[in-house]
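Engineer: What follows is a single structure, and I will ask about it in a moment.
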Amino acid sequence: MKFNIDQDLYQEIAHEISSEQSPVGIDAKKTHVIILQKLIAIEQRLSNIESALNSDK
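The sequence shown lines up with residues -9 to 47 when you count with my numbering.
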């Protein structure tokens, strides 16, 4: 699987989650919060789409 991510966006995200104190180089808590925030936004968008589709019936 290949991901096509804009290099500027990639660098912005990498900079945002980086942590020199972490042995793996990223702040795991911050990374998970960002992922969960995006998942919540996707869930809300899906719910809105489902509501719109159901109101057309």
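C-beta: ideal position from N, C-alpha, C; glycine also.
Could you name the residues of the same chain whose beta carbon sits closer than 8 Å to that of E6, not counting the 5 residues immediately before and after it, in chain order?
Structural biologist: Counting only Cβ-Cβ distances below 8 Å, and skipping sequence neighbours, we find K20 and I24.
Engineer: Looking at the structure shown, is S45 part of a helix, part of a strand, or coil, going by DSSP?
Structural biologist: DSSP places S45 in helix when its eight states are reduced to three.
Engineer: What is the residue span of the alpha helix (DSSP H) that D(-2) lies within?
Structural biologist: Residues Q(-3) to I7.
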